[in-house]
Structures are given as structure tokens and as C-alpha cells.
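For the record, the sequence lines run as chains C and H. The numbers in full-length UniProt numbering rise by one with no breaks, and the one at position 253 of the first sequence is 253. The numbers in full-length UniProt numbering rise by one with no breaks, and the one at position 146 of the second sequence is 146. Backbone N, C-alpha and C define an ideal beta-carbon position, used for all residues, glycine too.
Protein chains: 2
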Amino acid sequence: MEKENELFGVKEIARRANVSTATVDRVLHNRTGVSEKTKAKINAIIKEMDYQPNILASRLASKKIISLAALIPDVSEETDFWSAPLNGIRRAEGEMRQYGVQVQVFLFDLNDKDSFSEQIRHVLEGGFHGILISPSFIEETKKFASECARRKIPYLFIDSDIPGLHSLAYIGPHLRKSGYVGAKLLTYRLEPAKKVLIINISKEIDNFNYLEIEDGFRAYFNDNNQPNEIVRIDIRETDYQSVARHLTYVFHLNKDIGAAFVTNSRVHTVASFLKNSHRTHVSLIGYDFVKENVDYLEDNVIDFLICHRPDDQGYRGMMTLYQTLVMNAPVAKQNYMPIDIVTKENYEFYQN
Amino acid sequence: MEKENELFGVKEIARRANVSTATVDRVLHNRTGVSEKTKAKINAIIKEMDYQPNILASRLASKKIISLAALIPDVSEETDFWSAPLNGIRRAEGEMRQYGVQVQVFLFDLNDKDSFSEQIRHVLEGGFHGILISPSFIEETKKFASECARRKIPYLFIDSDIPGLHSLAYIGPHLRKSGYVGAKLLTYRLEPAKKVLIINISKEIDNFNYLEIEDGFRAYFNDNNQPNEIVRIDIRETDYQSVARHLTYVFHLNKDIGAAFVTNSRVHTVASFLKNSHRTHVSLIGYDFVKENVDYLEDNVIDFLICHRPDDQGYRGMMTLYQTLVMNAPVAKQNYMPIDIVTKENYEFYQN
DNA sequence: ATGGATTACGGGCACGTGCCCGTAAAGGTA
DNA sequence: TACCTTTACGGGCACGTGCCCGTAATCCAT
Chain C
1 MEKENELFGV KEIARRANVS TATVDRVLHN RTGVSEKTKA KINAIIKEMD
51 YQPNILASRL ASKKIISLAA LIPDVSEETD FWSAPLNGIR RAEGEMRQYG
101 VQVQVFLFDL NDKDSFSEQI RHVLEGGFHG ILISPSFIEE TKKFASECAR
151 RKIPYLFIDS DIPGLHSLAY IGPHLRKSGY VGAKLLTYRL EPAKKVLIIN
201 ISKEIDNFNY LEIEDGFRAY FNDNNQPNEI VRIDIRETDY QSVARHLTYV
251 FHLNKDIGAA FVTNSRVHTV ASFLKNSHRT HVSLIGYDFV KENVDYLEDN
301 VIDFLICHRP DDQGYRGMMT LYQTLVMNAP VAKQNYMPID IVTKENYEFY
351 QN
Chain H
1 MEKENELFGV KEIARRANVS TATVDRVLHN RTGVSEKTKA KINAIIKEMD
51 YQPNILASRL ASKKIISLAA LIPDVSEETD FWSAPLNGIR RAEGEMRQYG
101 VQVQVFLFDL NDKDSFSEQI RHVLEGGFHG ILISPSFIEE TKKFASECAR
151 RKIPYLFIDS DIPGLHSLAY IGPHLRKSGY VGAKLLTYRL EPAKKVLIIN
201 ISKEIDNFNY LEIEDGFRAY FNDNNQPNEI VRIDIRETDY QSVARHLTYV
251 FHLNKDIGAA FVTNSRVHTV ASFLKNSHRT HVSLIGYDFV KENVDYLEDN
301 VIDFLICHRP DDQGYRGMMT LYQTLVMNAP VAKQNYMPID IVTKENYEFY
351 QN
């Protein structure tokens, strides 16, 4: 039975140090106006008491509201993937508002690099205390990062990472391992003679995520001496007709494809093709818990979906900023999300 | 652009109603001492303003601390499964303490019904404002529930549910569906001629959880016209020697067992047996992210672990009580946890 | 010595709510 | 009318921290 000796706060410190609470306050917020001698004495007492400020009182008394910004892609007609992180951000906002935190969301067009740059300008002008950002374009993000460093604004990445920058944290998947998991699932019941098809459907040329995923996918084959031949295809158009055309060609060239792995959420387009061309015996795995994909899970066309809790990414991202700024708690720099496996049987309980 | 008109709180209400803040306070906490007329007027204003009390100020001003109890099984030498929920409970405690909430944990022995009853007595005597409980023994839990109802103490169940009682919520897996998922994974690459073995290792006779799981497992076979024959075995001793003896016998009788499904966390005992008897070609699936199991995942003896985020169950359970008591927010009565699939490839990122 | 600037500190109000205590008004009894 | 009880309400302090404002003390230049 140990008693937490936190009977008093600032007043107790002031009493012990023979100063006023105001002076203690100055030390706590390292403002000017305290002699080195008393500062040292107060700091010693603070350490000795293991003083923890009462956040309730602190937030209540503090006039200044903390404002956070989130910069993520807009929901497009191609994919509503980003509605999930947005959801998590909103959820965090709701919880934080009563603690004097405001959240502002900025959206950009994934197919328009300029919109990204423009929103970055807006965010930087907004005078926010912390920023969450999806670093979809590398060079622009690097410029953003150095500007944040100059202004001493903490920022963190979600969904994909750009290593080497001084972000507060990364919250998202370990993409390489994610591809590794995909390979495991895809080969779990695959006959040795069958070929495996990797499909990347993406307009953006400089999207680097799928490279990591594919790398991990191939690593699994190496590590496990998986005998299957790997075929790969890049498709730069996202509409069904184009995808179907490319796939028809690939399946024509390779008669014995037993499994297909799509490196992003557009797996439903492939599913549609497989179903239409009566190839549902091909095992199919792809990414993300979006409605179209779940429909094909239900329909037994997609075998597994891999998912990285995008909702939670948004939530945790905002909460991490909050923790840092309000309670300045230490934060893990790498915050890898679980690599979730979603099937027809468990999807109804999945929490994004 | 809509402005939240929450500029003021109780004072604003008081001003509009031409009363003092004290009177508003009395209405808010429906205490006595307010005439029906002014009460109605104030309530109208409250509704009109959509007044949300400032929880910071409320918790700060309120002397009374809210105390919560958690009643869960102790960690035993048989399994440290319950260390995970305890972990989540502690995590919640840490977050809530600064908001004036205290948590007390009561542990009982899963093999000793009397210890359960005794701890229930202690919990009820403790005068707690809310209780989280793992309803391991049905009859005792029912008595507990009616006593709570009498005293108007909200309580909720985690890990397993007893329907028909007026618990605040259930936070745990949908066991039937969980068995369903197990069957899917187990049969995913199973040859039609192979038999499937269901193994239940448990001392407790009245443990009803595995019945649900097994029911779901068999339902999958029915729903999918799975041709494999199912063999089942109950083992009432949990030590390795006994388990090995029973399994030796079963595998002797059934030469063509291709996959085994263990209905709880003791799958590592089976894994050990399979490894020792050179039967690692048998697919093996079981429950829970405990160290022994993960070791056999790593060792390729266990194919999949199914897991229901026990840590999160503890955390959410306590948080739900907190939400109910402090902000009296509405709560979902059924709160099914995701049915997570853990493999050798993704376990390192798994979050209990 | 006088004045002004700077440093080092204390007093005290404010944040929004909880709640104790005091009291005027209304009602009841002899 | 005098006295007591009950009802209905207001005043005001407290919670722990943030921060504005005032001021004694020290220092420096005239």
C-alpha cells in the first residue's frame, strides 16, 4: 500500500521553496524573471516531489487553445480509403475539444501535386501548434518538413513514411512486412506449378509505397524457397476497361496463374475482372477495407484483404500530437500498425 | 461555417433564466429546492443551448472521486492470458487518474469458484460506482448481477457474455463467429480426405465458452459442405503428459488427421506434442497471443492464432464505465471485438 | 543623491463547475 | 401577532493552474 504523495501541487512547491506560486509557475514554464538560485531550488523540489501538473486545472485556466492541422488526401471517386483516417481524426477531435484543442482538416487531390503544395502553404500560414500529414509527394513533403523544423512545429506522418526527416513520429504500416504477409497468405494453399501475378494499378508514377510492398512480397518467396514463378504488371489507368484489357493480355500469356496479389485498394477492379471472365478459382489478395472490396470478399472472389487500420491511424496521429503538446509525453518514433487479415468470416467485426 | 455557440456555460444559462448559477446547478443535478416553474424554464434554456458541461471544470471542482472495480481471473501457472486485460485496465487507470477516477482490481482463481464468490462480496462491499467483471461462473455471476441491479451499480462483462442480464455492456468476442473463422483457416488448404481434430483442453467442467466456439466451427463445415470428417476430444488434464497421452491415442485411431483446432490458449501444449511426435505437417490453429503460442508460430508448428485483443478489452471496459459515469454517454450494449488472425509473419506488429 | 531602467518576485483574479451556507418569502400553528 | 418550519433561491468559496499587474530591490548613468 503506497500513498501517492501528490497532496498538493504548485502551492506545495511554493510553500517548500518559500516563494509564491507565480514564481514556481515561471520556473515550470521556464519563463524569464527568476534568479538562478531560486530556480535551482525550485527545480530540485519539483524533482523531489515528482510533481505532475494537474492537466484539468491547466487546460481550464489556460486561455490559449491548441490548434492542430491534418493534411490528408480528399476522398475521390477512385477510392474512399481516406474517409477512414478522416473519421479517426474527427473522433479524436471530439474527444479533445473539451480540453481546449481545435482541429482543422486540409484536403488535397491525390492526382494533383499542386493542390498538395497549395494546402501545405495554407497549413503553414495557419499558425498551428502541430501538424499531421500524409506525405504523398516526397519532394514537397521534404520542403514542408524543413519549413516546420525552422518554425519548430512538430509534425508527424501517417500511412506512409519518409525516413530521414525529423518527424515527431510515423504512424502507419511496415509496408515491406505487409507484402511479406500477403505472400504468405497467397501461397498458403498454392500449388507449386502455378504462377503468381503481382498487379499494381496506379496513376501516380512516383508513388513509392507499392515498391516496398512488392519487395516484401518477393522477400517471402526468397526466404521460403517458394517455387512459384512471379509475373508482374503495372497498369497506369484505373478504369475497369483498361484494367480488364491488360489483365486479359496477361492471363492470355500465362495460362497457369493460380494467385494474384494487388498492391493497393484497387483489388476490387481485379476481382470484377476475374468474376466476369470466370476465373474465380484464382486466389486473390489485396488491400484495404473499402466497401467494393468487402463485397467481393463476401462473394468469395477476394480471399483476403490486408488492412492497416486507417481509422486508428488518424485517431492515434491526432492523439499523439495532443499528448506531445499538452502533456509533452514522450512518443515512440516508429509506430507500426498491425497488419490485419480480413476474410469473409471476420470482416463484420473488423474495426478500421 | 457554423459556430459552436458554447461561449458560456452555467453562467449563461443563469443569466438567461434570471436566476443564480446555484439554481441552474440544482436543476442540472436534479436536486431538490427548485420550483417547477423555474425548473421548466431552465430546462428549456439548457435544451435550447444544447448545453454541454465542461468536464474539466466539473471534475476539478468535484471533490468526490469516482471509484471503479475490476474483477478478473488471476494469472495462473497454466496461462498468463489474463495479464493482457489487466494491462489494459492499468492503462485505462493511468489515463483516468488525473480525472479523479480510482481503480481497484480484484483477482480470483479460475479453478476455485469460492474465490470468485468471495471476491464478489468484497467488490460489493467496496461501494464502487461501476464494476467490470469476467463472468467465469454463471450462477454466481447471476447473483452478483441482481445484487448490482438492486444497488443500481452499473456493471459490464468482458471476454465472455451472459445474455439476459442487464449488464451495461458486453465487451468481448463473438465466440461462435470466432470458431467459424477458425474453421475457414483450418480448411483453407486442407485436402478433402483428411480428418479434422477438435481439441478441448480444460479443467473446468462448466466452462461454456468452447461450446460456442465449437458450434461455430461446425457451422462453417455445414454452411460450406466441407467434406472432412470431424473428430473431437475433451482432455480434462492440462499437463503435457496427459495431453500427449490422449493425443497419441487419438492419432493412433485416426491415421489421416490433417488439421487440428484447439479451442483455447492451450494450443501450445498440442504444438509441443506435434513437434515431439514429428507431426508438424498437421495444420494447427488455436487461441490467444501468449508467449508459448507465439514461439510455436515462429517455429512453424502453429499456423494461425486467433485473438480477441484482451488488452483492449480491459481498456475499453474501464473506459466504458468511465464514459458512462462521468459524461453519462450512451454505450453500445454489444461490443464485439475483432477476430484477429495472427501468423508468423504479422505477429510482431500485433497489438493485444 | 536623483531618476530611470531592469530584475525578481508576490498578489490576486480568472477558468467553469460543485456545493455549503445563509436568508427572504411563503406557509403553518398556537 | 409571534414563532417555527419549509420552500426557493442567491452569495460566494473552492478545485489547481495560468498569467496579468504591481512593486520592492538592485543596478547604472547622470
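- Using a CB distance below 9 Å, the part of the stretch 80-106 of chain C facing chain H consists of Arg97, Gln98, Tyr99, Gly100, ordered along the chain.
- Taking CB atoms only, leucine 56 of chain H has a neighbour in chain C less than 8 Å away.
- Within chain C, the residues Leu56, Ala57, Leu60 have their CB atoms less than 7 Å from the CB of leucine 60 of chain H, given in chain order.
- Residue range 101-108 is occupied by the beta strand (DSSP E) that includes glutamine 104 of chain C.
- Of all residues in the stretch 321-351 of chain H, only Tyr336, Met337, Pro338, Ile339, Asp340, Ile341, Thr343, Lys344, Glu345, Asn346, Glu348, Phe349, Tyr350, Gln351 place a beta-carbon less than 8 Å from a beta-carbon of chain C.
- Valine 19 of chain H and valine 10 of chain H have their C-alpha atoms spaced approximately 11 Å apart.
- Secondary structure of aspartate 303 of chain C (DSSP, three-state): coil.
- If you look at isoleucine 138 of chain C, you'll find it in the alpha helix (DSSP H) that goes 138-151.
- The beta-carbon distance between alanine 69 of chain C and phenylalanine 106 of chain C, rounded to whole angstroms, is 6 Å. This is short enough to meet the 8 Å contact definition.
- Remark: C-beta atoms of alanine 169 of chain C and valine 331 of chain C approach each other more closely than 8 Å.
- With contacts defined as CB atoms closer than 8 Å, isoleucine 235 of chain C and isoleucine 198 of chain C fail to qualify as a contacting pair.
- Not one beta carbon of chain C lies nearer than 8 Å to the beta carbon of histidine 281 of chain H.
- When CB distances to chain H are screened at a threshold of 7 Å, the residues of the stretch 181-194 of chain C falling below it are Val181, Lys184, Tyr188, Arg189, in chain order.
- Glutamate 125 of chain C and threonine 320 of chain C have their C-alpha atoms roughly 22 Å apart.
- Under the DSSP assignment, aspartate 295 of chain C falls outside any beta strand (DSSP E), being part of the alpha helix (DSSP H) whose first and last residues are 291-298.
- Here the stretch 276-288 of chain C makes no contact with the stretch 217-224 of chain C; the two share fewer than three CB pairs at distances below 8 Å.
- In this structure, the beta-carbon distance from isoleucine 153 of chain C to glycine 172 of chain C does not fall below 8 Å.
- For lysine 195 of chain H, the uninterrupted beta strand (DSSP E) segment begins and ends at 195-201.
- Chain order gives the chain C residues near histidine 174 of chain H as Phe349, where near means a beta carbon separation below 8 Å.
- By the Cβ-count criterion, proline 227 of chain C is exposed, with fewer than 16 other Cβ atoms from all chains shown falling within 10 Å of its own Cβ.
- Interface residue (Cβ-Cβ distance to chain C less than 8 Å): lysine 291 of chain H is not classified as such.
- Taking C-alpha positions only, glycine 130 of chain C is separated from alanine 193 of chain C by approximately 53 Å.
- In the three-state DSSP reduction, glycine 216 of chain H falls in the helix class (H, G or I).
- In this structure, asparagine 335 of chain C sits away from arginine 309 of chain C, with a CB-CB distance that is not shorter than 8 Å.
- Where alanine 69 of chain H is concerned, the enclosing beta strand (DSSP E) starts and stops at 66-73.
- Looking only at H:Ser146, H:Ser160, H:Lys113, H:His281, the smallest Cα-Cα distance to isoleucine 133 of chain H is reached by H:Ser160.
- Across the stretch 153-177 of chain H, CB contacts with chain C closer than 9 Å involve Pro173, His174, Lys177, in sequence order along the chain.
- Assignment of alpha helix (DSSP H) within the stretch 300-342 of chain H, counting only whole runs of 4 or more residues, yields 310-326 in chain order.
- In this structure alanine 329 of chain H is not in contact with valine 301 of chain H, their Cβ atoms being roughly 45 Å apart against a cut-off of 8 Å.
- Rounded to the nearest angstrom, the gap between the Cα atoms of threonine 21 of chain H and glycine 94 of chain C is 27 Å.
- By the neighbour-count criterion, in which 16 or more other beta carbons inside 10 Å mark a residue as buried, tyrosine 296 of chain C falls on the buried side.
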